[in-house]
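Asker:
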Amino acid sequence: MEKRLLGRSGLRVSRMALGTMTWGGDTDAEEAASQLVAFVDAGGTLVDTADIYGEGESERVLGSLLGDLVPRDDVVVATKAVARRDDGPFGGGASRGALLTALDGSLKRLGTDHIDLWQLHAWDSCVPIEETLAALEYAVTSGKVRYVGVSNYAGWQLATAAARAAAVAPIISTQVEYSLLERGVDREVVPAAEHHGIGLLPWAPLGRGVLTGKYRTGTPADSRGANSAYAGYVEHHRTDRAARIVQAVATAADGLGTSPLAVALAWVRDRPGVVAPVVGARDTGQLTGSLAAEDITLPPAIRSALDDVSAIEAGYPERWPR
1 MEKRLLGRSG LRVSRMALGT MTWGGDTDAE EAASQLVAFV DAGGTLVDTA
51 DIYGEGESER VLGSLLGDLV PRDDVVVATK AVARRDDGPF GGGASRGALL
101 TALDGSLKRL GTDHIDLWQL HAWDSCVPIE ETLAALEYAV TSGKVRYVGV
151 SNYAGWQLAT AAARAAAVAP IISTQVEYSL LERGVDREVV PAAEHHGIGL
201 LPWAPLGRGV LTGKYRTGTP ADSRGANSAY AGYVEHHRTD RAARIVQAVA
251 TAADGLGTSP LAVALAWVRD RPGVVAPVVG ARDTGQLTGS LAAEDITLPP
301 AIRSALDDVS AIEAGYPERW PR
């Protein structure tokens with residue numbers, strides 16, 4: 001698998017990341033092990049989790065697989081903090097106390113002495129950004145964290161954090177929802193990231209599964225759309241506009257002799273500023289389909305057609321000057 005530098009840093013990662021949100025829940029330890037081996041065998045290195053995935057179980061499962069199954073140094077471990085874990089004074093948020101408590105918890109669950117990429121899961125309007133960034137600086141200078149990033153930041157939030165971050169702990173990545181069905185970040189987040197040398201890590205690059213075409217004629221019984229816990233997550237992208245985009249993706253896949261999944265993933269993977277889409281899978285079979293996209297490069301004509309059918313209208317001031 002091709003490797004790319006993450007933002008304006010020397011951290012080189014695979015151009016696809018393995019998402020582990022369901023590990024320790026819908027995905028048990030045995031299946032997680034199978035996915036991790038398949039990913040690493042294909043040349044993948046970046047594995048993404050968070051302290052609240054499965055109430056910490058995702059980190060625990062990943063930690064149990066590092067060392068014995070896969071050498072720790074072969075994997076770039078990325079996790080996140082900020083989201084509310086409990087009602088205690090240090091149970092969530094971006095205060096110094098909450099962040100450093102979360103960091104120690106993640107290190108323990110992962111069974112490692114450092115995290116390669118530590119990400120702020122969301123903006124915390126209740127905490128001064130200077131306090132949050134000071135905690136990131138301490139995490140790096142202490143050796144517990146190698147690099148830092150953010151997730152789900154608006155354009156102005158990303159620019160603010162990047163401009164004020166200390167030189168020893170610059171923001172090198174931002175993780176955002178980005179796909180043919182969700183292009184809102186093209187308005188301000190992508191330009192802000194480009195300006196500050198920050199790499200994009202798209203989550204839900206397959207439009208929450210809708211871009212694979214599985215929902216074109218109904219809701220498969222074994223899909224997330226049929227699961228009450230995830231139905232709303234999927235329904236967000238089941239619109240008339242989405243149907244037109246899915247049809248365009250299917251047409252492109254037929255012409256290229258590949259799958260809609262591979263077309264949708266290749267499109268977002270090669271967007272300007274994107275370093276590695278974060279791909280989650282219910283099982284190893286699904287992951288194998290995503291890994292197959294590594295061999296796909298979209299012809300300019302098809303990429304242009306997909307750009308057009310998925311385009312969003314730019315408003316003021318993004319469209320200024322004309």
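If you number the sequence shown the way full-length UniProt numbering does, the last residue is 322 and the count never jumps. No residue lacks a Cβ here, since even glycine has one placed at the ideal position from N, Cα and C.
Is lysine 108 buried or exposed, if buried means 16 or more other CB atoms sit within 10 Å of its CB?
Answerer: Here the question's residue 108 lines up with position 108 in the sequence shown. The residue in question, lysine 108, is exposed, as its Cβ has fewer than 16 Cβ neighbours within 10 Å.
Asker: Nearest-angstrom Cα distance between valine 77 and leucine 261?
Answerer: Counting from one through the sequence shown, the residue named residue 77 turns up at place 77. Counting from one through the sequence shown, the residue named residue 261 turns up at place 261. Each residue's Cα considered, the two are about 25 angstroms apart.
Asker: Hey, out of Gly184, Pro191, Ala98, whose CA is closest to aspartate 87's CA?
Answerer: By one-based count along the sequence shown, residue 87 stands at place 87. Among Gly184, Pro191, Ala98, the Cα nearest to that of aspartate 87 is on Ala98.
Asker: Taking the alpha-carbon positions, what's the serine 106 to glycine 56 distance?
Answerer: As a working mapping, residue 106 is identified with position 106 in the sequence shown. As a working mapping, residue 56 is identified with position 56 in the sequence shown. Near 8 angstroms, if we compare the C-alpha coordinates of glycine 56 and serine 106.
Asker: Quick check: the Cα distance between glutamate 188 and aspartate 68, rounded to an integer number of angstroms?
Answerer: Here residue 188 refers to the residue found at position 188 when the sequence shown is read from its first residue. Here residue 68 refers to the residue found at position 68 when the sequence shown is read from its first residue. Roughly 43 angstroms separates the two Cα atoms.
Asker: My output table needs one value for proline 300: the three-state DSSP class, helix, strand or coil.
Answerer: Position 300 of the sequence shown, counted from the start, is the residue given in the question as residue 300. DSSP places proline 300 in helix when its eight states are reduced to three.
Asker: Can you tell me which of Glu2, Gly92, Gly19 puts its alpha carbon nearest to the alpha carbon of arginine 208?
Answerer: Position 208 of the sequence shown holds residue 208. Ranking the options by Cα distance to arginine 208, first place goes to Gly19.
Asker: Below 8 angstroms, how does it come out for the stretch 177-195 and the stretch 232-246: are there three or more Cβ pairs, yes or no?
Answerer: Yes, they touch.
Asker: Ignoring anything shorter than 3 residues, give me the beta strand (DSSP E) runs that lie fully in the stretch 28-61, in order along the chain.
Answerer: Listed in chain order, the complete beta strand (DSSP E) runs (minimum 3 residues) inside the stretch 28-61 are 46-48.
Asker: Going straight from the alpha carbon of valine 274 to that of threonine 132, what length do you get?
Answerer: Position 274 of the sequence shown, counting from 1, holds the residue named residue 274. Position 132 of the sequence shown, counting from 1, holds the residue named residue 132. Approximately 25 angstroms between the Cα atoms of the pair.
Asker: Once the 5 residues before and after valine 268 are set aside, which same chain residues still bring their CB inside 8 angstroms of it?
Answerer: As a working mapping, residue 268 is identified with position 268 in the sequence shown. Closer than 8 angstroms at Cβ, skipping near neighbours: Tyr178, Ser179, Leu180, Pro202, Pro205, Val274, Pro277.
Asker: Between the Cα of threonine 45 and the Cα atoms of Glu137, Trp320, Asp73, Trp123, which residue gives the shortest distance?
Answerer: The count along the sequence shown starts at 1 and reaches residue 45 at position 45. It is Asp73.
Asker: Are there 16 or more other CB atoms within 10 angstroms of the CB of isoleucine 312, so buried, or fewer, so exposed?
Answerer: By 1-based counting over the sequence shown, the position of residue 312 is 312. The residue in question, isoleucine 312, is exposed, as its Cβ has fewer than 16 Cβ neighbours within 10 Å.
Asker: Roughly how far, in whole angstroms, is the beta-carbon of leucine 306 from the beta-carbon of alanine 242, given that I think they are within contact range, below 8 angstroms?
Answerer: One-based indexing of the sequence shown puts residue 306 at position 306. One-based indexing of the sequence shown puts residue 242 at position 242. The Cβ separation is near 13 angstroms, so there is no contact.
Asker: Specify, as a first and last residue, the run of the beta strand (DSSP E) that proline 202 falls within.
Answerer: As a first step, residue 202 is located in the sequence shown; it is residue number 202 there, counting from the start. Proline 202 -> beta strand (DSSP E) spans 199-203.
Asker: Taking the alpha-carbon positions, what's the tyrosine 316 to glycine 43 distance?
Answerer: In the sequence shown, residue 316 corresponds to position 316, counting from 1. In the sequence shown, residue 43 corresponds to position 43, counting from 1. Taking the straight line from one Cα to the other gives about 43 angstroms.
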